[in-house]
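Number of protein chains: 2
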Amino acid sequence: MNVTIYDVAREANVSMATVSRVVNGNPNVKPATRKKVLNTIERLGYRPNAVARGLASKKTTTVGVIIPDISSIFFSELARGIDDIATMYNYNIILSNSDQNKDKELRLINTMFEKQVDGLIYMGAAITEDHVNQLKTSPVPVSLAATVDASNTIPSVNIDYEIAAYEATTLLIQNGTTHPIYVTAEDEDSAVSERKYSGYVRAIKEANQSVNEEYIIQADYSYESGMEAAEEILNMNDYPKAVFVSTDEMALGVIHGFQDKGVQVPEDIEVVGFDNTRLATMVRPTLSTVVQPMYDIGAVAMRLLTKFMNNEKVDEQNVVLPHRIVERNSTKAE
Amino acid sequence: MNVTIYDVAREANVSMATVSRVVNGNPNVKPATRKKVLNTIERLGYRPNAVARGLASKKTTTVGVIIPDISSIFFSELARGIDDIATMYNYNIILSNSDQNKDKELRLINTMFEKQVDGLIYMGAAITEDHVNQLKTSPVPVSLAATVDASNTIPSVNIDYEIAAYEATTLLIQNGTTHPIYVTAEDEDSAVSERKYSGYVRAIKEANQSVNEEYIIQADYSYESGMEAAEEILNMNDYPKAVFVSTDEMALGVIHGFQDKGVQVPEDIEVVGFDNTRLATMVRPTLSTVVQPMYDIGAVAMRLLTKFMNNEKVDEQNVVLPHRIVERNSTKAE
DNA sequence: GTGAAAGCGCTAACAA
DNA sequence: TTGTTAGCGCTTTCAC
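Those protein sequence lines, which keep their order, are chains E and B.
The opening residue of the first sequence carries number 371 in the numbering used here; numbering runs sequentially from there.
The opening residue of the second sequence carries number 371 in the numbering used here; numbering runs sequentially from there.
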């Protein structure tokens, strides 16, 4: 049997309440008794049981994190931002991978509630009605990180994907390609993908072009699918000389796909990515890309959650962080 | 107030015990009553409270995971392996980043115990005596993943780092360089680093060379430090024409550091990495490297932990997984 | 097959 | 400043 608060109380000749007070830093304890208690805690090697504490206080100081895939270079960066802020506010994280599988997502949300998390951070491409329903009946605060809920009803932290994609596409247009190619990994129902797409389309239309479906290539987030996209592009006759890729990892694949066929980037064709993961500087040529502050999105989402958990006032529950474009060497200098 | 097992019992005209039985799939319940209970659970929207359950049963079905940095491409892959097997055995994961900071590590271990995890998976470079002491008094099973405890007293899953480094170095020697350079990120007290180093040294000695300290370069795990190492190498006069780098990410830095100065890999100088992270195929030339099965290490470590948690018999508590070397294009073909 | 009741280890009134 | 006591929501004997 482990040593409990009761053992400490008995050995220190005080009540459980007093022990509880010193453990919780309650100031209403005479310094002398505090010291006495602290000593016997030390002596017995007492370690508070967080589960019992959670049952009694209805607070677990842990938050749930549902993430598509922690091994993704994009999401793991987000997760780090979440954990750092969580640690700062004395929370721990229960982390689960969903693989963007709807059933699993719904099941995980439920598991998190069963485990009595004090809050939930959710990441995932598609926020369906079922998601919204389950999330809206949540017993605890929820915040979305890098995932947009079209109904705008759940707190979230994002960048403006539409404008970001518009700007990336426009950069390419200004550099001389009237209808850049778009390589995307469209998930069904993904509001993020939708917004990137519509930013892309808007840029094309503003350049007085009508959108050519042939120039929109479906890939699947992987590096390899980027390489395949490159091949597909080279097989077109008279293809546009610029491509906008919706994630950095695929963009690396596109670049290498070109290079492997002897096509030079950016001389023969330009490439811009999205996210600015660490990969962007780990290629040659270095990748021009849209900077999405992943760590910050995670950190801010967690901070937002703490505000809800502490009933602090929040001004704006749908935070939009700034983005920008870094021009590196995969696009032509002006 | 939430709906509890007591509410369900009352509404279904049975005892709490019976409700508990159906919730836990205990067969000793008449099908009719089971159905009745299930119906009222559904009707009331009852959701078991895992915290209360944990307090009563002394099992939380969650395991702690202490990891140096989840945003690392190496560790996030390990974490994925851990979570997948955890999910398979119905556990959740409490994940915390330690940054390999000893105080934080020790504190985190304690927090995990307070939270009453059923087991603990630990990753970290240095297993000091303090670590061993704290881990040995653990109330629950522990397993180390990709981290070696020199005292060999804690269950672990690893590859043989000494042999792996020996083989990588030997490959370079056989390709014609008698004393390859070694770029490492030596942590103090890191048994893994130590073993890699000693494999490297053994290979050099077997080639009848004495080790030249000048050819051992300290970096810090980062891509940038790899680039700096490359520069340092190019500044040596008459440097060896092969370098063994102790992680893939640094190896990419080394390759690009060379290329940025117009030095060709592998024609002018060969490079081999370590780990075989996804990065290894995302460079040009693709990286020859030591394959460390990161996902599997995580998965096996978690599986090992489940065995301990279920009191299954385990034959070997220090598992050594196979490794191999993939020769890609950063080394010369035979 | 089902129920009664005693905890699990702690917090949080409330009293003193 | 300190102690008493009633739960928190569940599991788990032990009876029946």
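Cβ atoms here follow ideal geometry from the backbone N, Cα and C, with glycine treated the same way.
Return the first residue and the last residue of the alpha helix (DSSP H) that residue i is part of.
{"i": "residue 568 of chain B", "result": "561 to 576"}
{"i": "residue 658 of chain E", "result": "Taken as a continuous stretch (DSSP letters only), residue 658 of chain E belongs to no alpha helix (DSSP H), being part of the beta strand (DSSP E) at 658 to 661."}
{"i": "residue 665 of chain E", "result": "664 to 679"}
{"i": "residue 688 of chain E", "result": "Taken as a continuous stretch (DSSP letters only), residue 688 of chain E belongs to no alpha helix (DSSP H), being part of the beta strand (DSSP E) at 688 to 691."}
{"i": "residue 379 of chain B", "result": "375 to 382"}
{"i": "residue 426 of chain E", "result": "420 to 427"}
{"i": "residue 414 of chain E", "result": "401 to 414"}
{"i": "residue 621 of chain E", "result": "618 to 630"}
Does DSSP put residue i in a helix, in a strand, or in coil?
{"i": "residue 640 of chain B", "result": "strand"}
{"i": "residue 557 of chain B", "result": "coil"}
{"i": "residue 588 of chain E", "result": "strand"}
{"i": "residue 605 of chain B", "result": "helix"}
{"i": "residue 593 of chain B", "result": "helix"}
{"i": "residue 528 of chain E", "result": "strand"}
{"i": "residue 392 of chain B", "result": "helix"}
{"i": "residue 512 of chain B", "result": "strand"}
{"i": "residue 612 of chain B", "result": "strand"}
{"i": "residue 432 of chain B", "result": "strand"}
{"i": "residue 694 of chain E", "result": "strand"}
According to the neighbour-count rule (16 or more other Cβ atoms, all chains shown, within 10 Å of its Cβ), is residue i buried or exposed?
{"i": "residue 546 of chain E", "result": "exposed"}
{"i": "residue 521 of chain E", "result": "exposed"}
{"i": "residue 412 of chain E", "result": "exposed"}
{"i": "residue 619 of chain B", "result": "buried"}
{"i": "residue 588 of chain B", "result": "exposed"}
{"i": "residue 684 of chain E", "result": "exposed"}
{"i": "residue 489 of chain E", "result": "buried"}
{"i": "residue 495 of chain B", "result": "buried"}
{"i": "residue 663 of chain E", "result": "buried"}
{"i": "residue 525 of chain B", "result": "buried"}
{"i": "residue 461 of chain E", "result": "buried"}
{"i": "residue 714 of chain E", "result": "With chain E represented from 371 up to 704, any question about residue 714 of chain E goes unanswered, as that position is not in the structure."}
{"i": "residue 426 of chain E", "result": "exposed"}
{"i": "residue 519 of chain E", "result": "buried"}
{"i": "residue 400 of chain E", "result": "exposed"}
{"i": "residue 466 of chain B", "result": "buried"}
{"i": "residue 528 of chain B", "result": "buried"}
{"i": "residue 395 of chain B", "result": "exposed"}
Take residue i as the anchor and find which of the options has the nearest alpha-carbon.
{"i": "residue 414 of chain B", "options": "B:420, B:428, B:382", "result": "B:382"}
{"i": "residue 517 of chain B", "options": "B:411, B:562, B:599", "result": "B:562"}
{"i": "residue 605 of chain E", "options": "E:593, E:615, E:620, E:627", "result": "E:627"}
{"i": "residue 537 of chain B", "options": "B:376, B:698, B:694", "result": "B:694"}
{"i": "residue 609 of chain B", "options": "B:530, B:683, B:464, B:550", "result": "B:550"}
{"i": "residue 476 of chain B", "options": "B:492, B:463, B:488", "result": "B:492"}
{"i": "residue 593 of chain B", "options": "B:582, B:427, B:623", "result": "B:623"}
{"i": "residue 591 of chain E", "options": "E:541, E:503, E:385, E:443", "result": "E:443"}
{"i": "residue 614 of chain E", "options": "E:677, E:630, E:607, E:636", "result": "E:636"}
{"i": "residue 508 of chain E", "options": "E:534, E:481, E:515", "result": "E:481"}
{"i": "residue 428 of chain E", "options": "E:409, E:447, E:486, E:386", "result": "E:486"}
{"i": "residue 616 of chain B", "options": "B:418, B:394, B:532, B:376", "result": "B:532"}
{"i": "residue 473 of chain E", "options": "E:543, E:700, E:660, E:497", "result": "E:497"}
{"i": "residue 437 of chain B", "options": "B:424, B:470, B:431", "result": "B:470"}
{"i": "residue 435 of chain E", "options": "E:395, E:450, E:421, E:422", "result": "E:450"}
Check whether the Cβ of residue i lies closer than 7 Å to any heavy atom of the ligand ATP, and answer yes or no.
{"i": "residue 479 of chain B", "result": "Here there are no bound small molecules, and the ligand ATP is not part of this structure."}
Original post:
Which ranges would you report for the alpha helix (DSSP H) in the stretch 434 to 502 of chain E if only whole runs of at least 4 residues count?
Top reply: Entirely contained in the stretch 434 to 502 of chain E, the alpha helix (DSSP H) runs reaching 4 residues are, in chain order, 443 to 458, 472 to 484.
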